[in-house]
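Read the structure below first, then the notes.
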Amino acid sequence: MSQAEAVVAEVRAPSPLWTFGLFRSELVTTFRRWRTLALLAVLAAVPVLVGIAVKIETSDGSSAGPGRGGGGGPAFISQITNNGLFLVFTALAATLPFFLPMAIGVIAGDAIAGEANSGTLRYLLVAPAGRTRLLLTKYATTMTFCLVATLVVAVSALTVGAILFPLGDLTTISGTQISFAEGLGRALLIALIVAASLIGVAALGLFISTLTSSGIAAMATTVGLLITVQILDQIPQLHAIQPYFFSHYWLSFADLMRDPVYWDDLVKNLELQALYAAVFGSAAWARFTTKDITA
């Protein structure tokens, strides 16, 4: 191999250390934006508002919530006054249908389109990144935000729950008692499941981001599709196709509070998210690697 060929090969094959530097740079850029900080602040505020509302509602000794049984999110709210850890489950159930995926849609939708709109995409590709590597880095950054956003909700809820309500052993949906330590472990597992439930939305938003050079258009389209799917998932006449909507099994995380844990819907949710990630991730790669970059 000649010296010129060696230089070209070195440029085309950046080292893993350089790749990590690109990922770190993307993380720093994303989490320093005021928009990102505002989204995290809104997510952190949801458990605070829920906790204060429950505290005010139960100040006369009455119970909170509808008191329904079952595994849905609203059932958790009636248990908050008995154990503040239930505020974590309630906050995740309250934010998962809209607030969390909306935040993910904003970050994912802006990933590529925002760079094109600001004129920095061409400069990123001049560096030895390669389109595939850059796309994977953008997706990894979005998934990191998914995890951070979910943990922000969980930690905020745990803090507010500990301040406003007692903590101790938990009663599961099945009626059995588990220790606080085990309940805390299940809360962490639920937060991880919720974060994993958003990988489909992240891939969808990234694909839409490759279709346009307008960050605002990509974000609005992603959030609009999210709202549309949520509405369609509530129409009884569409029950035959609803199990294929990425949001259909989102609240299955409540099955982690059963004893024993009911895994069927949890597995279906993770499989569905993996399918969406594979389909739209591949579509994003196919589009981005063949796209003419003009900005």
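All you need for this note's numbering is the position in the sequence shown, starting with 1, plus 2. Cβ coordinates follow ideal geometry from the N, Cα and C atoms, glycine included.
Asked	Found
Reference F247; option with closest CA among K270, R26 and P49	K270
Residues bridged to L172 (per DSSP)	I180
Cβ shell of E7 (< 6 Å), same chain only, five flanking positions each side left out	Confidence is the limiting factor: at E7 the pLDDT is only 41, short of 50, which leaves the residue's position unreliable, though a coordinate-based value still follows. So no residue of the chain qualifies.
N- and C-terminal bounds of the alpha helix (DSSP H) containing F247	That residue, F247, is in no alpha helix (DSSP H); it is neither H nor E in DSSP.
Close Cβ partners of T38 (< 8 Å) along its chain, the five nearest in sequence each way excluded	T32, I109 and F147
Backbone CA spacing between G207 and R135 [nearest angstrom]	18 Å
Member of F182, G202 and F282 whose CA lies at the smallest distance from the CA of N84	F182
Given 8 Å, three or more beta-carbon pairs between the stretch 255 to 274 and the stretch 153 to 160	no
contact_flag[the stretch 195 to 205, the stretch 268 to 284] where n(CB pairs < 8 Å) is 3 or more	yes
DSSP three-state assignment for R260, whether helix, strand or coil	coil
Cβ neighbours of V50 in the same chain (closer than 6 Å, five flanking residues each side left out)	V162
Nearest neighbour of K293, chosen from A205, S211 and T174 [CA to CA]	S211
Coarse secondary structure for W265, derived from DSSP in three states	coil
Span separating the alpha-carbon of P76 from that of L166	Summary for P76: the model assigns pLDDT 46, below 50, so the residue's position carries little reliability; its value from the coordinates is reported in the next sentence. Each residue's alpha carbon lies about 19 Å from the other.
Proximity of L169 and L87 at Cβ, strictly below 8 Å	yes
DSSP three-state assignment for A242, whether helix, strand or coil	coil
Own chain, CB closer than 7 Å to A285, minus 5 neighbours either side, in chain order	F209
Three-way DSSP call (helix, strand, coil) for L200 in this model	coil
Assigned secondary structure, T100 (DSSP; H/G/I helix, E/B strand, else coil)	According to the sequence as given, residue 100 is Phe; it is not Thr. F100: coil per DSSP, three-state reduction.
Beta-carbon separation (whole angstroms), S249 vs V231, contact threshold 8 Å	6 Å
C-alpha distance - V56 paired with V150, whole-angstrom precision	26 Å
Beta-carbon proximity list for P103, same chain, < 7 Å, skipping 5 on both sides	L200, V203 and L228
Coarse secondary structure for R35, derived from DSSP in three states	coil
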